[in-house]
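Count the sequence shown with our numbering and you get residues 59 to 274, in order.
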Amino acid sequence: MRRITVVLLLALLIPFTAFSQNDQQDDQWYLDKPIADIRFEGLSSVSKNELLGLIRPYLGQSYTDTLSWDIQSKLYALDYFDIIIPKILPGDSASESLILVFQVQEKPIVDEVLFSGNNKVRRGDLSDAVLIKSGDLLNPGSLKIDEKAIIDLYLEKGFIEAQATGDYTVDEKTNQATVVFNIVEGNQTKISDIRFVGNDKHVSDSTLQNLMKTKS
59 MRRITVVLLL ALLIPFTAFS QNDQQDDQWY LDKPIADIRF EGLSSVSKNE LLGLIRPYLG
119 QSYTDTLSWD IQSKLYALDY FDIIIPKILP GDSASESLIL VFQVQEKPIV DEVLFSGNNK
179 VRRGDLSDAV LIKSGDLLNP GSLKIDEKAI IDLYLEKGFI EAQATGDYTV DEKTNQATVV
239 FNIVEGNQTK ISDIRFVGND KHVSDSTLQN LMKTKS
């Protein structure tokens with residue numbers, strides 16, 4: 059009886075095992091199939107034409123997960139997208155090829171760049187100093203660079219205690235961002251007099267002053 063029971067159990071398990079293997083193969087039907095097309099869903103500010111040069115070399119190649127990750131890493135490197143999600147569709151009725159679709163969430167578009175707290179420096183000078191402009195894709199990391207650019211501008215004008223902090227808000231409905239740089243100017247330092255010590259009679263104070271960029 060024990061031998062018969064074992065044989066019956068094995069006989070019952072074999073069809074389920076075969077079914078499981080076939081099911082797993084069906085789930086991975088796309089592996090090593092040629093890529094017939096690469097498409098994008100969610101593009102708004104970014105044109106597909108800007109991406110053609112990147113994706114064109116992959117058309118016709120056999121699909122692998124490694125290849126998909128390679129494409130995604132290059133797309134992220136463009137700094138256009140916050141999120142990229144791939145999905146695969148049959149490229150023909152027999153599923154002999156595939157269409158690779160990337161669902162993307164674009165970075166917000168900068169709608170407005172504002173400055174708060176600037177009483178001694180004109181807005182136009184500040185706008186020229188920062189890299190971020192209206193219409194750009196928002197890159198939060200670049201705000202640190204622009205903060206330093208604002209502080210450097212103030213230092214040139216004698217505001218040695220100036221501080222600048224960049225922040226932004228995003229309208230979820232329009233995916234547009236408002237960037238605000240909050241500025242604390244501090245007091246302006248002015249040089250009232252420049253004196254030289256140690257220069258002999260052959261080099262006058264006025265000669266040294268003419269060589270200096272900063273004058274009293």
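Even for Gly, the Cβ is constructed at its ideal location relative to N, Cα and C.
Member of the options whose CA lies at the smallest distance from the CA of residue i
| i | options | result |
| --- | --- | --- |
| Ala94 | Lys215, Val104 and Gln119 | Gln119 |
| Leu195 | Ile167, Gln163 and Val179 | Ile167 |
| Ile249 | Glu214, Ala220 and Val261 | Glu214 |
| Ser126 | Ile142, Tyr138 and Leu136 | Ile142 |
| Asp225 | Phe217, Leu211, Ile241 and Ile218 | Ile241 |
| Asn233 | Thr223, Phe173, Phe139 and Ile203 | Phe139 |
| Gly244 | Ser151, Ser262, Lys178 and Asn257 | Lys178 |
| Leu172 | Phe239, Leu101 and Thr122 | Phe239 |
| Leu133 | Val162, Leu147 and Asp85 | Val162 |
| Gly41 | Asp123, Leu136 and Asn257 | Summary: the structure shown does not reach residue 41, with the chain confined to residues 59 through 274, and so no result is reported for it. |
| Ile96 | Asn107, Phe217 and Gln86 | Asn107 |
| Ala18 | Asp229, Glu230, Val237 and Lys206 | No answer is possible for residue 18: the residues shown for the chain start at 59 and end at 274. |
| Ile282 | Ser105, Ile203 and Pro92 | Only positions 59 to 274 of the chain appear in the structure, and residue 282 is not among them; the question remains open. |
Unbroken beta strand (DSSP E) run spanning residue i, endpoints
| i | result |
| --- | --- |
| Ala94 | Ile93 to Glu99 |
| Asp137 | Asp137 -> no beta strand (DSSP E), and no H or E assigned at all. |
| Leu158 | Leu156 to Glu164 |
For residue i, the residue or residues it bridges with in DSSP
| i | result |
| --- | --- |
| Pro115 | Paired residue(s): none; Pro115 is not in a bridge. |
| Leu147 | Ile157 |
| Ile141 | Gln163 |
| Ser102 | In the DSSP output, where bridge partners are listed per residue, Ser102 has none listed. |
| Ser120 | Pro92 |
Bounding residues of the alpha helix (DSSP H) (the contiguous stretch that carries residue i)
| i | result |
| --- | --- |
| Gln86 | Segment: none, Gln86 is in no alpha helix (DSSP H) and carries neither H nor E. |
| Thr265 | Asp263 to Leu269 |
message: Three Cβ pairs or more, each shorter than 8 Å: is that satisfied between the region 185 to 195 and the region 151 to 168?
response: yes
Runs of beta strand (DSSP E) lying entirely within the region 169 to 250, each at least 3 residues, in chain order: Listed in chain order, the complete beta strand (DSSP E) runs (minimum 3 residues) inside the region 169 to 250 are 221 to 229 and 234 to 242.
query: Does the region 177 to 188 come close enough to the region 154 to 162 that 3 or more CB-CB pairs lie under 8 Å?
result: Output reads no: the region 177 to 188 does not touch the region 154 to 162.
query: Are the region 199 to 213 and the region 259 to 270 touching, with three or more C-beta to C-beta distances below 8 Å?
result: no
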